[in-house]
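Colleague: Residue numbers for the sequence shown follow this note's numbering, so the first one is 1356 and each next one is one higher.
Sharing a structure below in structure tokens format, with a few things to ask.
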Amino acid sequence: MFNIDTLKSKSLDELTHISKELGVKIGRKPEHEQVVFAILDYQSTHPNEIKSYLEANNQPMKEVENKEIQPEQKPAAKKPGRKPKAKPDVLASEELSKEEVKIELAPEASKEEVVAETKPKAEGNANLQDKKPRKRMAKPTENQSEELVKEESSIEATPTDKPTEEVTPKQQHTPKPQNQHKNSQGQQHQNRGSQQQNNNNNQNKEQNTQQEEVPAKKEFNFDGLVTIEGVLEILPDNYGFLRSSDFSYISSPDDVYVSTNQIRNYGLKTGDSVKGIVRLPKEGEKYFSLQKPTEVNGRDLEFIKDRVAFEYLTPLFPQEKFNLAGRNSTISTRIVDLFAPIGKGQRAMIVAQPKTGKTILLKDIANAISANHPEAYMIVLLIDERPEEVTDMQRSVNAEVIASTFDEAAEKHVKVANLVLSKAQRMVECGHDVVILLDSITRLARAYNTVTPASGKILSGGVDANALHKPKRFFGAARKIEGGGSLTIIATALIDTGSKMDEVIFEEFKGTGNMELQLDRKIANKRIYPAVDLVASSTRRDDLLQDEVTQQRMWIMRKYLSDMNPMEAMEFVMKNIKNTRNNEEFLMSMNK
């Protein structure tokens, strides 16, 4: 049975090994005394299991101890002097084969035999010292080890081939008792050293078996398995992050780190839509890292390096019209398609008073474009809008919806708008057709006015003189590119809100667009939707978007409607367009 003293004498590794074999439950990081008392408690409740464990483990331990003790007792049992003398080389080889010790003992054995012939009493005392029970000593100190090294070097220095040890009695009487005592001490130290080596070997074997029992942790490599797509935002320190559209391009846990070398080597810019392979963060890293980009803006990496910057592309008038009267069309989109057609690269502005249905009209236009022109990439940008309208737009429009609601800071409005514009410009550089539906540009201009540092020049309404430059830059980016690619922006502007600032902003943007759609509050009050002022709505150079027959019929229609007020004109058109399936049939019915 286990005793508390025997358990305390064991190391923590041995105790944990015993507790694992017995099935004793201990903590993850137990202390030495906790494991001892846990084993004793288990012994009190399960004595039979302890007995079976000790019977199973004591037998091999006894055999090991006997094997270790036997080579130590053999040299002490020999009686030197009675056996015939052998040469030192032969004796050394026999002792090495029996004891399997690396220390050369042949010269010492020969000297002991010589001493035995001259002074048997002294040798008898040495044998008695060897037969005494020896205590388990610690490792020899540095002084003792130095003496052993000196003695071994002096012994090895004597030539073994010369038979000087057997020749004359004079040489036999030369050794002194001091040398004899030193030799006996050296032999004791060597025996103890060999015993300690055997004990260390046994401990190392036990530790190796314990290490083998612990299952190794499996390491998994997930590099190259996950691909991600995001919009690149380059920070002032020249490294960047891929922002997710799910978080409206602001910082989020889904961000992926892009290094400075990758940005420089692949020629990446702010706003690039990067798709690539992601690796897991290493130790000390917070974010996932981009391992290698596979494509940028839907193009291969070689095309990206040779692209022309957006500022140096040649703008043209829109020449290809968006079909708003095809699939998923409504009466609102059919009227817009006739009186104010929208082309690829149009800079359109919807001027509206509050509660005139501008957001619903914008939604209908977005659904018509996405259904009839799947090649166009559409982004709906909602600035300073209500959260419920954001949710409704996300669920009802087949487009990418980026929003910053009215409860967010003006800095976020500006940041989101800049990143959306950069993304659209990068896609146009690669030859894509992009459509941005902005609601509203008045609120965006207010956000820029809040963020822009004061210049000292204030316009009427409290608008800073430099605040409207960036909103104009945003709206003025819409253009048709020569050789492919276009950026269409359809923005809404608020009027008659009672704010002088909104009037100033509208006046600044009034002549910048090449398409204008006016909504009237009086028509909306009669619940006639769309509440479009047909006479005031028009498109510049609409002859490039419509064929000659449609253009001539529309001239006749406009002449006929010019004598009516906006409400009468809208009622007349709504009454006739409801009974027709498409715009061509509507224009044919007007001839009657």
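Ideal Cβ placement from N, Cα and C applies to all residues, glycine included.
Remember, predicted model here, so these are calculated numbers, not experimental data.
Take glutamine 1806 and list the residues in its own chain whose beta-carbon comes closer than 7 Å to its own, dropping the five residues that flank it on each side.
Modeller: For the sequence presented, residue 1806 should be read as valine rather than glutamine. Cβ neighbours of valine 1806 beyond the five flanking positions: Ala1765, Glu1766, Val1769.
Colleague: For methionine 1356, count neighbouring C-beta atoms within 10 Å of its own C-beta (all shown protein chains included) and say buried if the count is 16 or more, exposed if not.
Modeller: exposed
Colleague: What residue from Asn1804, Met1704, Tyr1803 has the CA that sits closest to asparagine 2016's CA?
Modeller: Nothing about residue 2016 can be reported from this structure: the residues present for the chain run from 1356 to 1947 only.
Colleague: Do isoleucine 1844 and isoleucine 1757 have their C-beta atoms within less than 9 Å of each other?
Modeller: With respect to isoleucine 1757, isoleucine 1844 sits apart: the two C-beta atoms are not nearer than 9 Å.
Colleague: Output needed for glycine 1595: all residues of its chain with C-beta closer than 7 Å, excluding positions within five of it in sequence on either side, in chain order.
Modeller: Leu1587, Glu1588, Ile1589, Val1613, Ile1618
Colleague: How far does the beta strand (DSSP E) with glutamate 1588 in it reach, from first residue to last?
Modeller: Following the DSSP letters along the chain, one finds glutamate 1588 inside the beta strand (DSSP E) bounded by residues 1581-1589.
Colleague: Taking the beta strand (DSSP E) that isoleucine 1715 belongs to, which residues open and close that run?
Modeller: It is not in any beta strand (DSSP E) - isoleucine 1715 instead sits in the alpha helix (DSSP H) that spans 1713-1727.
Colleague: Judging by CA-CA distance, which residue of Lys1647, Val1391, Ser1892, Val1663 is the nearest neighbour of alanine 1924?
Modeller: Ser1892
Colleague: Could you tell me which whole beta strand (DSSP E) segments of length 3 or greater appear in the segment 1789-1853?
Modeller: 1834-1836, 1841-1849
Colleague: What are the boundary residues of the beta strand (DSSP E) that includes glutamine 1646?
Modeller: 1643-1651
Colleague: Which residue marks the beginning of the beta strand (DSSP E) containing serine 1399, and which one marks its end?
Modeller: Serine 1399 -> not in any beta strand (DSSP E); alpha helix (DSSP H) instead, spanning 1387-1400.
Colleague: Determine the contact status of tyrosine 1604 and leucine 1774, defining contact as a CB-CB distance below 9 Å.
Modeller: yes
Colleague: Among Phe1672, Val1633, Gln1398, Lys1624, whose alpha-carbon lies nearest the alpha-carbon of glutamate 1660?
Modeller: It is worth fixing the name first, because residue 1660 is lysine in this sequence and not glutamate. The option with the nearest alpha carbon to lysine 1660 is Lys1624.
Colleague: Any contact of the segment 1684-1694 with the segment 1635-1650, i.e. 3+ C-beta pairs under 8 Å?
Modeller: Contact between the segment 1684-1694 and the segment 1635-1650 is not established, with fewer than three Cβ pairs separated by less than 8 Å.
Colleague: How far does the beta strand (DSSP E) with arginine 1876 in it extend, from its first residue to its last?
Modeller: Arginine 1876 -> not in any beta strand (DSSP E); alpha helix (DSSP H) instead, spanning 1876-1880.
Colleague: I'd like to check one pair, serine 1725 with alanine 1680: are the Cβ atoms closer than 9 Å?
Modeller: no
Colleague: Taking its Cβ as the centre, do 16 or more other Cβ atoms sit within 10 Å of methionine 1943, making it buried, or is it exposed?
Modeller: Burial call: exposed.
Colleague: Below 8 Å, can you find three or more Cβ-Cβ pairs linking the segment 1793-1806 to the segment 1834-1841?
Modeller: no
Colleague: With a CB to CB cut of under 7 Å and the five nearest residues on each side skipped, what residues in its chain are close to leucine 1814?
Modeller: Hits under 7 Å: Ala1820, Val1859.
Colleague: Taking Cβ positions, are proline 1921 and leucine 1872 nearer each other than 9 Å?
Modeller: no
Colleague: What's the gap between the Cα of histidine 1372 and the Cα of lysine 1637?
Modeller: 34 Å
Colleague: Rounded to a whole number of angstroms, what is the C-alpha to C-alpha distance between lysine 1630 and lysine 1713?
Modeller: 35 Å
Colleague: Jot down the residue ranges of each uninterrupted beta strand (DSSP E) in the segment 1720-1784, minimum 3 residues, whole runs only, in chain order.
Modeller: 1731-1740, 1755-1760
Colleague: Could you spell out where the alpha helix (DSSP H) holding phenylalanine 1861 opens and where it closes?
Modeller: Start and end: 1855-1864.
Colleague: Taking glutamate 1871 as part of the beta strand (DSSP E), name the residues at either end of that continuous run.
Modeller: 1870-1873
Colleague: In whole angstroms, give me the CA-to-CA distance for serine 1399 and glutamate 1376.
Modeller: If I take the Cα positions, the gap works out to 17 Å.
Colleague: What are the start and end residues of the alpha helix (DSSP H) that includes methionine 1909?
Modeller: 1903-1916
Colleague: Mind pulling the alpha helix (DSSP H) runs of 4 or more residues that sit fully within the segment 1656-1688?
Modeller: 1656-1660
Colleague: Under 8 Å Cβ to Cβ from glutamine 1780, same chain only, skipping five residues before and after it: list those, please.
Modeller: Only Gly1626, Phe1665, Ala1832, Leu1842 meet the Cβ criterion.
Colleague: Does the beta-carbon distance from valine 1887 to phenylalanine 1677 come in below 9 Å?
Modeller: no
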